[in-house]
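So that you can map any letter, position 119 of the sequence shown is 592 in my numbering, and since no number is skipped, the others follow by simple counting. Let me begin by presenting the structure, written as structure tokens, before commenting on it.
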Amino acid sequence: MIFITGATGFLGKRLVPLLIKEGFSLNCLARNPDYLKNQPIKITSGDLENFQWPTDSEQINIVIHMAAVINAKNPQDFYKTNYEGTKKLIDECAKNGVKHFIFLSSLNVLQKNQDDYAKSKKMAEDYLKLSGLNHTILRPSLIYGPNDIKNIGQLIKMARKLPFMPIAGNGKNKIQPIYIDDVTNVIISILKNPEKFYNKTYNLAGPDILEFNELLDLILKTLSLKKKKVHIPLFLFWPFIFLYEKLSPNPKITLRQLKNSAQELTAPCDWPQEFNIKPTPLTDGLYRTIFN
């Protein structure tokens with residue numbers, strides 16, 4: 474039995490049906506389980522701060538921990554969920570004989586100037602490494618793919634609707650997004666041969682490194698659109714994003730993301746050899762994201 478957190482998130486919604494198809498038995502922690510009700514899985518109600526370890530099912534041997542707070546109005550919420558919640562889950566795993574803990578961290582932990590999100594993820598990594606549990610830590614870069622409503626998905630929406638493309642800053646910062654199916658394929662590879670990946674950490678960055686300007690050009694080309702890119706100084710964006718983040722219950726763009734846009738975060742794409750997976754080129758991934 475595999476216990477999953479974050480099953481109703483962007484990555485989880487893609488992963489859970491694939492695991493069911495592969496024949497794995499699943500128990501998913503969910504605060505709002507409506508999305509999962511018609512699937513052949515067990516559901517544990519709650520969230521990382523408030524749940525009871527399931528005892529009414531077969532032994533849980535593997536945990537896939539994807540749940541996280543990515544955007545928060547209160548910085549302490551990052552630590553409450555990403556560190557304290559993960560710590561509680563790790564402790565429960567240690568008490569209940571879990572054999573393997575797969576943790577979806579973030580490439581953001583490699584930031585030179587870590588924000589609260591990156592710090593909370595790194596603290597959780599460090600606690601897991603000291604827990605004594607067999608573990609695998611995955612640090613994906615920016616994940617994109619079908620049904621993405623944030624990040625690249627938001628850029629695609631803007632490209633379709635706006636008369637021009639606003640860019641915060643000069644747009645020369647390098648990014649290295651990874652297609653969602655590459656991440657799910659890595660997780661499935663680990664599940665099929667877990668001992669090979671015990672106590673290892675992998676940076677999951679996409680095969681293409683490009684400037685933000687180039688990403689927008691590629692999105693527009695894939696959509697067969699021609700629109701002017703307008704560069705706006707970061708300091709002019711701040712008050713608008715600040716108000717938007719305060720007023721919106723679920724902001725698609727935050728000050729944290731705006732500040733991070735000025736940082737370059739890339740890593741060697743060396744994981745495909747380890748997992749025997751061919752990474753998805755950005756051109757192919759964007760096409761699938763837009764038209765699938």
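C-beta: ideal position from N, C-alpha, C; glycine also.
Does the stretch 573 to 580 come close enough to the stretch 604 to 619 that 3 or more CB-CB pairs lie under 8 angstroms?
Note that the stretch 604 to 619 touches the stretch 573 to 580; at least 3 beta-carbon pairs, one per stretch, sit closer than 8 angstroms.
Would you say N738 and G642 are within 7 angstroms of each other, going by their C-beta atoms?
Contrary to the premise, residue 738 reads as Leu rather than Asn in this sequence. No, these two residues do not count as a Cβ contact at 7 angstroms.
Let's see if you can read the secondary structure: which residues bound the beta strand (DSSP E) around V536?
That run of the beta strand (DSSP E) goes I535 to H538.
Just the C-alpha distance for K701 and T727, rounded to the nearest angstrom, thanks.
A straight-line Cα-Cα distance of about 24 angstroms links K701 and T727.
Quick check: the stretch 521 to 533 against the stretch 553 to 570, are there 3 or more CB pairs under 8 angstroms?
The stretch 521 to 533 vs the stretch 553 to 570: in contact.
Determine the extent of the alpha helix (DSSP H) in which V582 is found, giving its start and end residues.
Careful: V582 lies outside any alpha helix (DSSP H) and carries neither H nor E.
Distance CB(Y617)-CB(P639) smaller than 7 angstroms
No. Outside cutoff.
The alpha helix (DSSP H) with T559 in it runs from where to where?
Note, T559: alpha helix (DSSP H), T559 to K568.
Quick one: using the 10 Å Cβ neighbour count with 16 as the cut-off for buried, is K669 buried or exposed?
Burial call: exposed.
On the three-pair Cβ rule with 8 angstroms, is the stretch 541 to 555 touching the stretch 503 to 514?
The stretch 541 to 555, when compared against the stretch 503 to 514, does not touch it at the 8 angstroms Cβ threshold.
Taking the CB atoms as reference points, tell me whether P752 and P741 lie closer together than 7 angstroms.
Result no, Cβ atoms of P752 and P741 do not sit closer than 7 angstroms.
Distance, L611 Cα to E795 Cα:
Only positions 474 to 765 of the chain appear in this structure, which leaves residue 795 out of reach.
Using 10 angstroms around the beta-carbon of Y675, count the other beta-carbons present and answer buried if the total reaches 16, otherwise exposed.
Flag for Y675 reads buried.
Of all the alpha helix (DSSP H) runs that stay within the bounds of the stretch 616 to 677, which reach a length of 4 or more residues?
Positions of the alpha helix (DSSP H) runs, each at least 4 residues long and wholly inside the stretch 616 to 677, are given as 625 to 634 and 653 to 665 in order along the chain.
N- and C-terminal bounds of the alpha helix (DSSP H) containing F710
Counting along the chain, the alpha helix (DSSP H) containing F710 begins and ends at L707 to L720.
Given that a residue counts as buried once 16 or more other Cβ atoms are within 10 Å of its Cβ, and exposed if not, what is R633?
If you draw a 10 Å sphere on the C-beta of R633, you find fewer than 16 other C-beta atoms in it, and that means exposed.
Reducing DSSP to helix, strand and coil, say where E684 ends up.
Look at E684 here: in three-state DSSP terms it is strand.
Which of the three DSSP states, helix, strand or coil, is assigned to D690?
If DSSP states are grouped into helix, strand and coil, D690 belongs with the helices.
Is R487 closer than 7 angstroms to I653 when the C-beta atoms are compared?
Yes.
Given a cut-off of 7 angstroms, decide if M539 and T481 are closer than it, judged by their beta-carbon atoms.
No, the pair does not count as a contact, with Cβ atoms beyond the cut-off.
Return helix, strand or coil for N607, following the three-state DSSP convention.
Reduced to three states, the DSSP call for N607 is coil.
Taking the beta carbon of D743 as the centre, do at least 16 other beta carbons fall within 10 Å, making it buried, or is it exposed?
Around the C-beta of D743, fewer than 16 other C-beta atoms lie within 10 Å, and the residue is accordingly described as exposed.
Taking Cβ to Cβ, would you say M474 is nearer than 7 angstroms to N500?
Their beta carbons are under 7 angstroms apart, which means M474 touches N500 by this criterion.
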